[in-house]
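Visitor: To start, I am sharing the structure in question, which I have written as structure tokens.
Number of protein chains: 2
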Amino acid sequence: MHPQTLIKTKQAEKNINGISTQVVCSEFSNYIFVVLTQYGKIGTLVSVTPDSRTGDICTPMYTTKVLLGKDEALTHVCAKHLATFISQESGNRPVLVGLALKDSSIDSINSMKELIRSCQVW
Amino acid sequence: MHPQTLIKTKQAEKNINGISTQVVCSEFSNYIFVVLTQYGKIGTLVSVTPDSRTGDICTPMYTTKVLLGKDEALTHVCAKHLATFISQESGNRPVLVGLALKDSSIDSINSMKELIRSCQVW
Numbered sequence: 446m447h448p449q450t451l452i453k454t455k456q457a458e459k460n461i462n463g464i465s466t467q468v469v470c471s472e473f474s475n476y477i478f479v480v481l482t483q484y485g486k487i488g489t490l491v492s493v494t495p496d497s498r499t500g501d502i503c504t505p506m507y508t509t510k511v512l513l514g515k516d517e518a519l520t521h522v523c524a525k526h527l528a529t530f531i532s533q534e535s536g537n538r539p540v541l542v543g544l545a546l547k548d549s550s551i552d553s554i555n556s557m558k559e560l561i562r563s564c565q566v567w
Numbered sequence: 446m447h448p449q450t451l452i453k454t455k456q457a458e459k460n461i462n463g464i465s466t467q468v469v470c471s472e473f474s475n476y477i478f479v480v481l482t483q484y485g486k487i488g489t490l491v492s493v494t495p496d497s498r499t500g501d502i503c504t505p506m507y508t509t510k511v512l513l514g515k516d517e518a519l520t521h522v523c524a525k526h527l528a529t530f531i532s533q534e535s536g537n538r539p540v541l542v543g544l545a546l547k548d549s550s551i552d553s554i555n556s557m558k559e560l561i562r563s564c565q566v567w
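Here is the structure:
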């Protein structure tokens, strides 16, 4: 038996632009899993996968796919924006993002990135 | 601003039939999220949803759907078996299950149910 590395999980809560925002991050060997919620729900689940054919000399492209919930353009944009830095910092790992946001303004999204960074598990 | 209830997350590790097995459980308002892994991976992601039309006088039926990973019959069976008791105990909430199992024997699955129960977040 190979004892596995224990799965790292961190969570935090912060008031962002007047809205209670929670993040839960877990590190699995094949995915970084991040839920960002302002409703307590897991929200729309999006996989953000770096394109394996790029990435040698240039920044990789990312494919976003809604696995659960409403497939809206804004969700893809937010998920990609939030997951890209996680993927880059974790050696181009795919990221699974759950998003349940009341406020998707760019300022709030940037604050959320900081909140995610405070729960760095990668 | 309504402060949300903090998301409950628990995790545990146990040797089941010689294999290191980890579980991570999180309670979201619309889903119980459970990952059961013997590889450290998030594995095949399956939603297990009770049929809202039944459940008054009889045990509800469950719909399983593979959201991520290989869609195999055994995965549906294991996911349904593992998620049914969670859903029933949590007021018929849907369950999102990640499964990465080396051993899907019925004895091991039953031990995994006990391991999940030790991480009860619902």
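From first to last, the protein sequence lines stand for chains A and B.
This note's numbering applies: residue 446 is where the first sequence begins, and numbers increase by one.
This note's numbering applies: residue 446 is where the second sequence begins, and numbers increase by one.
Ideal placement from N, C-alpha and C gives every residue a C-beta, glycine not left out.
Using a Cβ-Cβ cutoff of 9 Å, what residues of the stretch 477-502 of chain A are near chain B? List them in chain order.
Guide: Correct list: 478, 480, 482, 483, 484, 485, 486, 487, 488, 490, 492.
Visitor: Please name the residue, chosen from 461/B, 531/B, 529/B, 545/B, that lies closest to residue 515/B on a Cα-to-Cα basis.
Guide: When each option's Cα is compared against that of residue 515/B, the closest is 545/B.
Visitor: Would residue 512/B pass as a contact of residue 527/A if the rule is Cβ separation under 8 Å?
Guide: Not closer than 8 Å, so no.
Visitor: Could you pull out every residue in the same chain whose Cβ sits closer than 6 Å to the Cβ of residue 455/A, ignoring the five residues on either side in sequence?
Guide: So the qualifying residues of the chain are 470, 564, 566.
Visitor: Candidates 474/B, 452/B, 484/B: which alpha carbon is nearest residue 568/B's?
Guide: Here chain B comprises residues numbered 446 to 567, so residue 568/B is not present and cannot be evaluated.
Visitor: What residue from 519/B, 532/B, 530/B, 540/B has the CA that sits closest to residue 550/B's CA?
Guide: Measuring from the Cα of residue 550/B, the nearest candidate turns out to be 519/B.
Visitor: Flag residue 517/B as yes if its beta-carbon sits less than 8 Å from any beta-carbon of chain A, otherwise no.
Guide: No, residue 517/B does not count as interfacial toward chain A.
Visitor: Looking only at its chain, what residues have a beta carbon closer than 8 Å to the beta carbon of residue 554/A, apart from the 5 residues adjacent to it on each side?
Guide: 523, 526, 527.
Visitor: Residues of chain A with CB under 9 Å from residue 475/B, in chain order?
Guide: Result: 484, 485, 486, 487, 488, 545.
Visitor: Beta-carbon of residue 471/A versus every beta-carbon of chain B: anything under 8 Å?
Guide: Chain B contact via Cβ: present.
Visitor: So, at 7 Å on beta carbons, what are the nonlocal neighbours of residue 464/B in its own chain, with the 5 sequence-adjacent residues on each side left out?
Guide: Closer than 7 Å at the Cβ level, and outside the excluded window around residue 464/B, lie 483, 547, 548.
Visitor: So which residues on chain A does residue 512/B lean against when the C-beta distance must stay under 8 Å?
Guide: Those within 8 Å of residue 512/B in chain A are 490, 512, 513.
Visitor: Around the C-beta of residue 497/B, are 16 or more other C-beta atoms found within 10 angstroms, so that it is buried, or is it exposed?
Guide: With fewer than 16 Cβ atoms within 10 Å of its Cβ, residue 497/B is classed as exposed.
Visitor: Establish whether the CB of residue 541/A and some CB of chain B are separated by less than 8 Å.
Guide: By this cut-off, residue 541/A is an interface position.
Visitor: Identify whether residue 534/B lies in helix, strand or coil by the three-state DSSP scheme.
Guide: Of the three classes helix, strand and coil, the one that applies to residue 534/B here is helix, per DSSP.
Visitor: For residue 530/A and residue 457/A, I'd like the C-alpha separation in whole angstroms.
Guide: Their backbone Cα atoms lie some 18 Å apart in a straight line.
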